[in-house]
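Below is one structure, written out as structure tokens, with a few remarks after it.
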Amino acid sequence: METITFHKSMIAGVQSVMPVEVTQQREARSISVEDPVGARIFRRTLNIVTYYNKQAGDSGERGWLVAGWIKESLGRALTEQPMLCGRLRRRRKTTGEEDGFEVVANDSGVRLVEARFPASLLEFFEMVKRDKNRAEAETVFWRDIDEVDPQFSPLFYVQVTNFESGGYSIGISCSILIADLLIETDFLNKWAKIQSCLAHSQTILKPIFYLSPVKRDKFINELPRPVSVLDRGEPLVFRAKTCSKTPLACMKKSVKAAEYVFLFFKEQSGGENSTTERKVEIHSRDEAIGDCDGGDHLEEKDVGGVLDVSLAFEDKFEFNSCWVGSVAKGVVLMLIVPSTLGDTKSLVKFIVASPKNATH
């Protein structure tokens with residue numbers, strides 16, 4: 000039997016990307032969780048990788064050029080979703096006591112990683128066939144959030160991986176606490192459009208942040224990848240209409256193979272100058288929720304679709320991959336969309352990620 004050598008990505012550079020404009024209104028989303036370590040809020044991720052094949056005339060430079068344009072395009076796109084470049088911090092009361100966690104849009108930046116993979120794209124695809132987890136872990140970068148000082152840890156990483164003889168991939172890893180911004184908004188589409196405009200307008204000039212061949216030989220090998228990226232679950236999407244109150248009890252009847260549930264929702268604050276605040280509540284599977292009045296009336300709208308998220312740059316698209324990292328015994332993301340038709344029921348999207356051999 001032919002053996003497949005599993006190569007490692009070699010990191011050539013790491014940059015920070017901030018919004019091109021200072022965020023004036025720094026929003027915060029509260030994170031409600033009883034056991035943050037047990038719920039793995041510091042480790043769980045949503046990972047998205049999109050692969051692009053070699054173009055005609057490409058001498059292997061295309062991915063490096065793309066990374067240079069990403070520094071500019073991502074900085075512009077982040078102005079519309081500054082929460083992606085925010086930080087998780089401990090929330091405190093006026094008395095100084097800790098009061099849970101919150102993610103603050105403080106413009107601290109995302110990390111952009113440029114890497115080289117010592118094999119061709121076709122050879123890499125053979126590795127994927129043999130061991131998808133191990134192979135695709137080389138196309139994304141993630142560092143677990145520091146449990147003691149979380150305010151210093153990025154929540155969003157982008158890795159551009161260049162393959163030998165041309166072709167590249169763009170891997171995104173973001174904290175599960177802000178995953179809804181990639182799933183439920185058009186952020187990736189807007190980013191792709193900005194990237195395309197920059198690439199077309201600068202066909203002759205190289206990007207300002209282009210990493211020249213002279214500087215690519217100095218690889219950074221002391222940046223370990225956490226095992227949480229390898230512990231993955233393929234996400235499936237379910238939609239349903241459920242009751243007007245807390246829908247967690249309803250969800251329990253349809254999804255059982257999950258250890259924790261991450262509930263994403265918007266809450267309208269009262270007063271004359273009312274605002275909408277995004278919140279995340281994290282519940283264990285065994286936690287009792289008793290205020291749901293419609294648990295017996297779950298209306299399934301569609302079932303079993305694979306979560307399909309990609310970054311649609313204009314280069315020759317091969318395929319994309321999406322998974323939840325640090326899946327452990329299973330996790331569910333619940334994204335609640337209030338009804339716009341005047342009825343009392345909300346549309347809920349369940350993103351279910353389970354370990355292998357688990358059943359829903």
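For the sequence shown, numbering that gives the first Met the number 0 gives the first residue as 0, with consecutive numbering after it. Glycine included, every Cβ here is placed at the ideal spot set by N, Cα and C. Just so we're clear, the structure is a prediction, and the values are computed from it rather than from any experiment.
Exercise. With contact counted as at least three CB pairs below 8 Å, one residue from each stretch, are the segment 128–139 and the segment 87–97 in contact?
Worked result: Inter-segment contact for the segment 128–139 and the segment 87–97 is absent: fewer than three beta-carbon pairs are separated by less than 8 Å.
Problem set entry | 6 Å CB neighbourhood of residue 233 in its chain, flanking five on each side removed | So the qualifying residues of the chain are 322.
Exercise. Should residue 24 be labelled buried (16 or more other beta-carbon atoms within 10 Å of its own) or exposed?
Worked result: It counts as exposed.
Exercise. What whole-angstrom Cβ distance do residue 314 and residue 61 have, given they're in contact under 8 Å?
Worked result: Beta-carbon to beta-carbon, residue 314 and residue 61 are separated by about 7 Å, close enough to satisfy the 8 Å threshold.
For this session: Could you pull the start and end residues of the alpha helix (DSSP H) that residue 69 belongs to?
Result: It spans 61–76 - the alpha helix (DSSP H) in which residue 69 sits, taken as one unbroken run.
Problem set entry | For residue 190, three-class secondary structure by DSSP | If DSSP states are grouped into helix, strand and coil, residue 190 belongs with the helices.
Exercise. For residue 101, which residues from the same chain have a beta carbon less than 7 Å from its beta carbon, with the 5 sequence-adjacent residues on both sides left out?
Worked result: Result list for residue 101: 27, 28, 29, 30, 88 and 90, in chain order.
Exercise. Which term fits residue 219, buried or exposed, when burial requires 16 or more other beta carbons within 10 angstroms of its beta carbon?
Worked result: In summary, residue 219 is exposed, with fewer than 16 beta-carbon neighbours lying within 10 Å of its beta-carbon over all protein chains present.
For this session: Measure how close the beta-carbons of residue 112 and residue 75 come, nearest whole angstrom, since I'm counting them as under 8 Å.
Result: Actually they are not in contact, since the Cβ atoms of residue 112 and residue 75 sit about 20 Å apart, beyond 8 Å.
Exercise. What did DSSP end up calling residue 93 once you bin it into helix, strand or coil?
Worked result: Residue 93: coil per DSSP, three-state reduction.
For this session: Just tell me which of 17, 50 and 98 has its CA closest to the CA of residue 319.
Result: Comparing C-alpha distances from residue 319 to each of 17, 50 and 98 shows the shortest one belongs to 50.
Exercise. Which residues does DSSP pair with residue 28 in a beta bridge?
Worked result: Answer by DSSP bridge pairing, in chain order: 102.
Problem set entry | Status (buried if at least 16 other CB within 10 Å, exposed otherwise) for residue 4 | Residue 4 is exposed by the Cβ-count criterion.
For this session: Can you tell me which of the three DSSP states residue 223 falls into?
Result: It is coil, neither helix nor strand.
Problem set entry | Per-residue DSSP class, three states only, for residue 134 | Collapsing the DSSP output to three states places residue 134 in a helix.
For this session: Would you grab the beta carbon distance between residue 172 and residue 325 for me? Rounded to a whole angstrom, and I think it's under 8 Å.
Result: No, residue 172 and residue 325 are not in contact; Cβ-Cβ is about 11 Å, not under 8 Å.
Exercise. Alpha carbon to alpha carbon, how far is residue 12 from residue 150?
Worked result: So the two alpha carbons sit approximately 23 Å from each other.
Exercise. On the premise that residue 8 lies in contact with residue 118, defined as a C-beta separation below 8 Å, what is that separation, rounded to the nearest angstrom?
Worked result: The C-beta distance from residue 118 to residue 8 rounds to 10 Å, too long to meet the 8 Å contact threshold.
Problem set entry | Limits of the unbroken alpha helix (DSSP H) element including residue 123 | 120–129 is the extent of the alpha helix (DSSP H) around residue 123.
Exercise. From residue 176 to residue 145, what does the alpha carbon distance come to, in whole angstroms?
Worked result: When the Cα atoms are used, residue 176 and residue 145 turn out to be separated by approximately 14 Å.
Exercise. Can you tell me the Cα-Cα spacing of residue 294 and residue 346, whole angstroms?
Worked result: Confidence at residue 294 is low in this model, with a pLDDT of 42, below 50, so its placement is unreliable and no value can be given for it.
For this session: Take the Cβ of residue 211 as the centre, count every other Cβ of all protein chains shown within 10 Å, and call the residue buried at 16 or more, exposed below.
Result: Taking all protein chains shown into account, residue 211 has fewer than 16 neighbouring C-beta atoms within 10 Å of its C-beta and is therefore exposed.
Problem set entry | Expected contact under 8 Å - CB spacing of residue 179 and residue 263 to nearest Å | The C-beta separation of residue 179 from residue 263 comes to about 4 Å, placing the pair in contact by the 8 Å criterion.
Exercise. Of all the options 66, 133 and 109, which has the alpha carbon lying nearest to the alpha carbon of residue 81?
Worked result: Closest option to residue 81, judged by alpha-carbon separation, among 66, 133 and 109: 109.
For this session: Would you check if the distance between the CB atom of residue 47 and the CB atom of residue 309 is smaller than 8 Å?
Result: A contact, by the Cβ cut-off of 8 Å.
Problem set entry | Identity of the residues DSSP links to residue 282 by a beta bridge | Residue 282 pairs with 260.
For this session: Mind checking which residues open and close the beta strand (DSSP E) that includes residue 346?
Result: Residues 345–352.
Exercise. In chain order, what residues of the same chain have a beta carbon less than 6 Å from the beta carbon of residue 120, not counting five sequence neighbours either side?
Worked result: Closer than 6 Å at the Cβ level, and outside the excluded window around residue 120, lie 162 and 166.
Problem set entry | Backbone secondary structure at residue 48 - three-state DSSP | Strand at residue 48.
Problem set entry | Under 8 Å between C-beta atoms of residue 160 and residue 124 | Cβ atoms of residue 160 and residue 124: not closer than 8 Å.
For this session: Mind checking which residues open and close the alpha helix (DSSP H) that includes residue 180?
Result: It spans 179–182 - the alpha helix (DSSP H) in which residue 180 sits, taken as one unbroken run.
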